[in-house]
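Heads up: the sequence shown runs through residues 372 to 599, numbered per the numbering used here. A quick write-up on the structure given underneath.
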Amino acid sequence: MTVSVVIPTLNEANNVVALVQHLLSNKNETLREVIVVDGGSTDETVALAMKAGATVIACSRCGRAHQMNAGALAAKGEILYFVHCDTLPPATYLSDIQQAVAERNALGCFQACFDSTRLLVRLNGFFSRFDRLWCRGGDQTLFVTKEAFWQMDGYKEELQIMEEYDFLIRARKKHAFKIIPNKVVVSARKYENRSFFKVQFANLVVFNMFKMGYPQERLVRTYKQLLN
Numbered sequence: 372m373t374v375s376v377v378i379p380t381l382n383e384a385n386n387v388v389a390l391v392q393h394l395l396s397n398k399n400e401t402l403r404e405v406i407v408v409d410g411g412s413t414d415e416t417v418a419l420a421m422k423a424g425a426t427v428i429a430c431s432r433c434g435r436a437h438q439m440n441a442g443a444l445a446a447k448g449e450i451l452y453f454v455h456c457d458t459l460p461p462a463t464y465l466s467d468i469q470q471a472v473a474e475r476n477a478l479g480c481f482q483a484c485f486d487s488t489r490l491l492v493r494l495n496g497f498f499s500r501f502d503r504l505w506c507r508g509g510d511q512t513l514f515v516t517k518e519a520f521w522q523m524d525g526y527k528e529e530l531q532i533m534e535e536y537d538f539l540i541r542a543r544k545k546h547a548f549k550i551i552p553n554k555v556v557v558s559a560r561k562y563e564n565r566s567f568f569k570v571q572f573a574n575l576v577v578f579n580m581f582k583m584g585y586p587q588e589r590l591v592r593t594y595k596q597l598l599n
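Pasting the structure below:
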């Protein structure tokens, strides 16, 4: 089965080249394409992504769920692999995904580690090995067969936040899920100007508000207030 990588971007000029080059330098015959879906960047993200070798789609609407669905619609591969722009998958990402799907897992993710020497931040990555919803996150990347993705109608585009958690909750009710033990390297940039506890507290509060059914506008407002 072939793989299409889908990367949603917004002003990611500092990261997009390294990610696209990393994905292409570790490709094998199963990689169909690397698709960058841009949500209206005002920097050089689009030009740099194209120069690095990605196929670029310009979205009429900014929003990660909308952008990832647009990438999935354009994808020619049989497996979709969603990657955040500040994340580097392992060099073996394609063979790892192929093996997981061959084992009849329709979707899954990798474990994660952060590019930080701070103990608490690195500990956060340690918990990504456990199969609990609160241990998941989009920065661990997500692979899913195209068939399973569209059976679930993709991501809910009305969601401004927590769209990946929503998809996992729905998809795991019908499909087998695999946590691949190899690790993606995640940027610790969200911790650079904030304390570890502030970020974790904001994540915990919004995660629980999401599970309790609070409206999206309230989630977004609360998350921004807690971080800032």
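Here a beta-carbon is modelled for each residue, glycine too, at the ideal position from N, C-alpha and C. Predicted model, so just to flag it, every value in this text is computed and none were measured.
Based on the DSSP secondary-structure assignment, which residues constitute the bridge partners of residue i?
{"i": "Ala-483", "result": "Val-555"}
{"i": "Phe-514", "result": "Tyr-452, Gly-479"}
{"i": "Leu-402", "result": "Val-374"}
{"i": "Thr-380", "result": "Asp-409"}
{"i": "Lys-549", "result": "Gly-479"}
For my contact list, residue i and residue j are in at a C-beta cut-off of 8 Å; report their separation, rounded to the angstrom.
{"i": "Glu-449", "j": "Met-372", "result": "4 Å"}
{"i": "Tyr-612", "j": "Arg-507", "result": "Since the first residue shown for the chain is 372 and the last is 599, residue 612 is missing from the structure and cannot be characterised."}
{"i": "Gly-411", "j": "Leu-381", "result": "7 Å"}
{"i": "Val-555", "j": "Pro-460", "result": "5 Å"}
For residue i versus residue j, is the C-beta distance shorter than 8 Å?
{"i": "Val-557", "j": "Asp-510", "result": "yes"}
{"i": "Pro-379", "j": "Val-405", "result": "no"}
{"i": "Val-377", "j": "Met-439", "result": "yes"}
{"i": "Gln-469", "j": "Leu-530", "result": "no"}
{"i": "Phe-567", "j": "Leu-597", "result": "no"}
{"i": "Ala-420", "j": "Glu-534", "result": "no"}
{"i": "Thr-593", "j": "Val-577", "result": "yes"}
{"i": "Leu-451", "j": "Lys-398", "result": "no"}
{"i": "Arg-589", "j": "Met-580", "result": "yes"}
{"i": "Leu-575", "j": "Leu-539", "result": "no"}
{"i": "Leu-542", "j": "Ala-519", "result": "The sequence given here places Ala at residue 542; Leu does not occur at that position. It is a contact, given that the beta carbons lie within the stated cut-off."}
{"i": "Lys-517", "j": "Ala-462", "result": "no"}
{"i": "Gly-496", "j": "Phe-514", "result": "no"}
{"i": "Gly-424", "j": "Leu-395", "result": "yes"}
{"i": "Ile-532", "j": "Val-591", "result": "yes"}
Is residue i a contact residue of the ligand ATP, with contact defined as CB to any heavy atom under 7 Å?
{"i": "Lys-561", "result": "The ligand ATP is not among the ligands present in this structure, which contains no ligands whatsoever."}
Segments of 4+ residues assigned as alpha helix (DSSP H) that fall wholly inside the segment 562-597:
567-582
Given 8 Å as the limit, is there contact between the segment 445-455 and the segment 483-491, that is, 3 or more CB pairs closer than that?
no
Counting pairs of Cβ atoms below 8 Å between the segment 491-510 and the segment 532-551, do you hit three or more?
yes
Between the segment 425-444 and the segment 469-485, do three or more beta carbon pairs fall short of 8 Å?
no
Measuring CB atoms only, is the segment 415-427 touching the segment 381-388, in the sense that at least three cross pairs come out at less than 8 Å?
yes
Which whole runs of the alpha helix (DSSP H) in the segment 418-464 are 4 residues long or more, in chain order?
435-445
If we require 3 or more residues per run, which beta strand (DSSP E) segments fall completely within the segment 489-543?
513-516
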